[in-house]
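Colleague: This is the structure I want to talk about, given as structure tokens.
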Amino acid sequence: MLDRKFIVENAELVKQNCRNRGVAADIDRFVALENERRLLQVEVEELNRKANEVSKSIGKAKDAGEREARKEEGRMLRERTNEVRTKLDELAAELDGIHRSIPNLSHPDAPVGEDDKSNLEVARGKTPLPKFDFEPLDHVALGERLDLIDFEGGARVAGHGFYFLKNEAVLLELALQRYALGVLMAEGFTPMTTPDLATNEVLEGTGYIPRGPETQIYSIENQNLSLVATAEITLGGLLAGQTVDADALPLKLCGISHCFRTEAGAHGKESRGLFRVHQFTKVEMFAFTLPDDSEAMLGHLRDLECRLFDGLEIPYRVVDTATGDLGGPAYRKFDLEAWLPGRGGFGEVTSTSNCTDYQARRLNARFKVKGEKGTRFVHTLNGTAVAISRALIAVLENYQQADGSVVVPEVLQAVVGKERIEPRS
RNA sequence: GGAGAGGUGGCAGAGUGGUCUAAUGCGCGGGUUUGCUAAACCCGUGAGCCUGUAACUGGGCUCCGCAGGUUCGAAUCCUGUCCUCUCCGCCA
Numbered sequence: 022m023l024d025r026k027f028i029v030e031n032a033e034l035v036k037q038n039c040r041n042r043g044v045a046a047d048i049d050r051f052v053a054l055e056n057e058r059r060l061l062q063v064e065v066e067e068l069n070r071k072a073n074e075v076s077k078s079i080g081k082a083k084d085a086g087e088r089e090a091r092k093e094e095g096r097m098l099r100e101r102t103n104e105v106r107t108k109l110d111e112l113a114a115e116l117d118g119i120h121r122s123i124p125n126l127s128h129p130d131a132p133v134g135e136d137d138k139s140n141l142e143v144a145r146g147k148t149p150l151p152k153f154d155f156e157p158l159d160h161v162a163l164g165e166r167l168d169l170i171d172f173e174g175g176a177r178v179a180g181h182g183f184y185f186l187k188n189e190a191v192l193l194e195l196a197l198q199r200y201a202l203g204v205l206m207a208e209g210f211t212p213m214t215t216p217d218l219a220t221n222e223v224l225e226g227t228g229y230i231p232r233g234p235e236t237q238i239y240s241i242e243n244q245n246l247s248l249v250a251t252a253e254i255t256l257g258g259l260l261a262g263q264t265v266d267a268d269a270l271p272l273k274l275c276g277i278s279h280c281f282r283t284e285a286g287a288h289g290k291e292s293r294g295l296f297r298v299h300q301f302t303k304v305e306m307f308a309f310t311l312p313d314d315s316e317a318m319l320g321h322l323r324d325l326e327c328r329l330f331d332g333l334e335i336p337y338r339v340v341d342t343a344t345g346d347l348g349g350p351a352y353r354k355f356d357l358e359a360w361l362p363g364r365g366g367f368g369e370v371t372s373t374s375n376c377t378d379y380q381a382r383r384l385n386a387r388f389k390v391k392g393e394k395g396t397r398f399v400h401t402l403n404g405t406a407v408a409i410s411r412a413l414i415a416v417l418e419n420y421q422q423a424d425g426s427v428v429v430p431e432v433l434q435a436v437v438g439k440e441r442i443e444p445r446s
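Reading the first sequence from the start, the letters are residues 22 to 446 in the numbering used here.
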């Protein structure tokens, strides 16, 4: 969420930002309601002040008659307060609805455009695009030939979008996790395994919508819990309602979780194979920083994503995400798109965002500087280290050989325990 | 899942309808004393929001897990709910 006062004082800027992002939010109405809300709040507080005064005077009343008269006065005041407060609550509810729909501001350098066609390529990985002297297969065909993925079994058990990993694919998953943790721990990230469920308040705080027709989220019946779509949710929730000492920042965490996504409305185009699935495992980076440090931290997370894929020797490009393609909480976002020979194009494998204080305000995550009065909101950032399903696609497709085998990336060989995955006889 | 106990400031912990403007201790900040340090003593010490003045000193509302209720008035009484702890059951 943006600061209410900021929206009122910068209505034009906020409106323009909504236009850039393709978000319809009635800023004019928000400003009008907010101004009215403040007047009502002053009125309620004034009535409360009077009622408190009256209540205090009752204990000191001289006789029963005076006491009764004062009680009556108190009753009237409380009644009036309730009327005004009811109006205030109604106003606040409508205000909140608009407030939640207003996206974060956008970094001035982020490309302006309505969708991913406006994303701007800003860098390339170290590894050149592979040249095959044979027709490369996609990961579905490779997975079948090497007996690595069972989509039919997954569908039988849980429906389309679920799968079993088998054999070396399992070891690849572990190796990718171990590899990512190794790189991140050396950079001072605290490794964590995280809950795969979170309360709906935490989901909303991080900008996810637990229910409704468009939701990406699986919710648990009769419980205030949902399956997480990413450890960003739980790691962000870690500081919900907390105030940390400024000295404790930045906090760099990396969390392993399963990720569950309904992918409502996303069927069709990329629904084949592992690219868009309902469940996958992910190592996620998350950082809480001081406001002045978040921009540098975004660069840090982006560098790490690049290092991880350079280390895997997989070719990729980095794109600066266009305003219309940013999620609500993101101020700026870089996606890393790996070269996927199976489709002959780039596909998003990781993503890192600076959410500035947008999530922190909703989560109420603050920091305090020793000796200074008051508290301020922290900044939050997230970035994918490795999303296993998509990383698997990139590995299998880029490392495939003419004889049908797949070479294991050097950095994964120790955990996988072999240099090459051969077709089964 | 069952039974019991409990959720109060950074922490510990008192507070059973109005003097709670939440005691006290610890911690923390500042000061006095003092070769240095320590001790002792003194003073101070929460957050959010609204609002004020040209500016400074200000003024007010809310917050005792959370949400309701009773009352002129609730940390305190009532209802619901969440969480924590102990014991029991089940269990990787």
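Every residue gets a Cβ at the ideal spot worked out from N, C-alpha and C, and that includes glycine.
Helix, strand or coil, according to DSSP, for residue 92 in the structure here?
Modeller: Position 71 of the first sequence, counted from the first residue, corresponds to residue 92. The answer is helix: DSSP assigns residue 92 an H, G or I state.
Colleague: Using 10 angstroms around the beta-carbon of residue 211, count the other beta-carbons present and answer buried if the total reaches 16, otherwise exposed.
Modeller: Residue mapping note: residue 211 aligns to position 190 of the first sequence, counting from 1. Under this definition residue 211 is an exposed residue.
Colleague: To test your reading of the DSSP string, which unbroken alpha helix (DSSP H) runs of 4 or more residues are found completely within the segment 315 to 339?
Modeller: As far as the segment 315 to 339 is concerned, its whole alpha helix (DSSP H) runs of at least 4 residues are 315 to 332.
Colleague: Tell me which residues share the same chain as residue 36 and place their Cβ nearer than 7 Å to its Cβ, disregarding the 5 neighbours each side in the sequence.
Modeller: Within the first sequence, the letter at position 15 stands for residue 36. Excluding positions up to five away in sequence, the list reads 48.
Colleague: Can you list, in chain order, the residues of its chain whose CB lies under 7 Å from that of residue 195, leaving out five sequence neighbours each side?
Modeller: One-based indexing of the first sequence puts residue 195 at position 174. The residues are 436.
Colleague: Distance check for residue 360 and residue 150, CA to CA, integer angstroms please.
Modeller: In the first sequence, counting from the first residue as 1, residue 150 sits at position 129. In the first sequence, counting from the first residue as 1, residue 360 sits at position 339. If you take the alpha carbons of residue 150 and residue 360, they lie about 7 Å apart.
Colleague: Which residue spans inside the segment 336 to 399 form an unbroken beta strand (DSSP E) run of at least 3?
Modeller: Whole beta strand (DSSP E) segments, 3+ residues: 337 to 341, 353 to 361, 366 to 375 and 387 to 389.
Colleague: Decide if the segment 155 to 168 is in contact with the segment 409 to 428; the criterion is three or more beta carbon pairs, one per stretch, under 8 Å apart.
Modeller: Segments in contact, yes.
Colleague: Which two residues bound the contiguous beta strand (DSSP E) that contains residue 42?
Modeller: Taking the first sequence and counting its residues from 1, one reaches residue 42 at position 21. Here residue 42 belongs to no beta strand (DSSP E); instead the alpha helix (DSSP H) covers 32 to 42.
Colleague: Over the uninterrupted beta strand (DSSP E) stretch that includes residue 143, give me the two end residues.
Modeller: Taking the first sequence and counting its residues from 1, one reaches residue 143 at position 122. From DSSP, the beta strand (DSSP E) with residue 143 extends over 141 to 145.
Colleague: Taking the continuous alpha helix (DSSP H) assigned at residue 179, which residues delimit it?
Modeller: Along the first sequence, read from residue 1 onward, the residue named residue 179 stands at position 158. It spans 172 to 179 - the alpha helix (DSSP H) in which residue 179 sits, taken as one unbroken run.
Colleague: Can you tell which of 293, 278 and 369 has its C-alpha closest to the C-alpha of residue 171?
Modeller: Residue 171 sits at position 150 when you count from the first residue of the first sequence. When only C-alpha atoms are compared, the closest one is 293.
Colleague: What's the call for residue 391, buried or exposed, on a 16-neighbour Cβ count within 10 Å?
Modeller: As a first step, residue 391 must be located in the first sequence, where it is residue number 370. It counts as exposed.
Colleague: In its own chain, which residues sit with a C-beta less than 7 Å from the C-beta of residue 432, not counting the 5 before and 5 after it?
Modeller: If you number the first sequence from 1, residue 432 lands on position 411. These residues qualify, in order along the chain: 200, 332 and 333.
Colleague: From the DSSP output, which residues share a beta bridge with residue 403?
Modeller: Walking along the first sequence from the start, residue 403 turns up at place 382. In DSSP, residue 403 forms a bridge with 307 and 374.
Colleague: Just the C-alpha distance for residue 302 and residue 396, rounded to the nearest angstrom, thanks.
Modeller: In the first sequence, residue 302 corresponds to position 281, counting from 1. In the first sequence, residue 396 corresponds to position 375, counting from 1. Those two C-alpha atoms are separated by around 36 Å.
Colleague: Could you give the first and the last residue of the continuous beta strand (DSSP E) run that contains residue 219?
Modeller: In the first sequence, the residue the question calls residue 219 occupies position 198. Start and end: 218 to 220.
Colleague: Three or more beta-carbon pairs under 8 Å between the segment 245 to 252 and the segment 277 to 286, yes or no?
Modeller: A contact exists between the segment 245 to 252 and the segment 277 to 286.
Colleague: Could you tell me the alpha carbon to alpha carbon distance between residue 119 and residue 183, rounded to whole angstroms?
Modeller: Here residue 119 refers to the residue found at position 98 when the first sequence is read from its first residue. Here residue 183 refers to the residue found at position 162 when the first sequence is read from its first residue. So the two alpha carbons sit approximately 36 Å from each other.
Colleague: So what's residue 23 in DSSP terms, helix, strand or just coil?
Modeller: In the first sequence, residue 23 corresponds to position 2, counting from 1. The answer is coil: DSSP assigns residue 23 none of H, G, I, E or B.
Colleague: Tell me whether the segment 42 to 56 and the segment 142 to 149 touch, counting them as touching only if at least three CB pairs, one residue from each stretch, are closer than 8 Å.
Modeller: Flag = no, the segment 42 to 56 and the segment 142 to 149 do not touch.
Colleague: Report yes if the C-beta distance between residue 143 and residue 356 is below 7 Å; otherwise report no.
Modeller: Taking the first sequence and counting its residues from 1, one reaches residue 143 at position 122. Taking the first sequence and counting its residues from 1, one reaches residue 356 at position 335. The answer is no: Cβ separation not under 7 Å.
Colleague: For residue 168, which residues from the same chain have a beta carbon less than 7 Å from its beta carbon, with the 5 sequence-adjacent residues on both sides left out?
Modeller: Looking up residue 168 in the first sequence gives position 147. Counting only Cβ-Cβ distances below 7 Å, and skipping sequence neighbours, we find 187, 188 and 445.
Colleague: In three-state DSSP terms, what is residue 408?
Modeller: Within the first sequence, residue 408 is the residue found at index 387, counting from 1. In this structure, residue 408 counts as strand in the three-state DSSP scheme.
Colleague: Please name the residue or residues paired with residue 442 in a DSSP beta bridge.
Modeller: Here residue 442 refers to the residue found at position 421 when the first sequence is read from its first residue. Paired residues: 427.
Colleague: CB-CB under 7 Å to residue 61, same chain, minus the five flanking residues each way: which ones, in chain order?
Modeller: Here residue 61 is taken as the residue at index 40 of the first sequence, counted from 1. So the list reads 105, 108, 109 and 112, once near-sequence residues are dropped.
Colleague: Only counting the same chain, and skipping five residues up and downstream in sequence, which positions put a Cβ closer than 8 Å to that of residue 336?
Modeller: For the purposes of this step, residue 336 is taken as the residue at position 315 of the first sequence. Excluding sequence neighbours, residue 336 sits near 145, 146, 148, 149, 150, 151, 359, 360 and 419.
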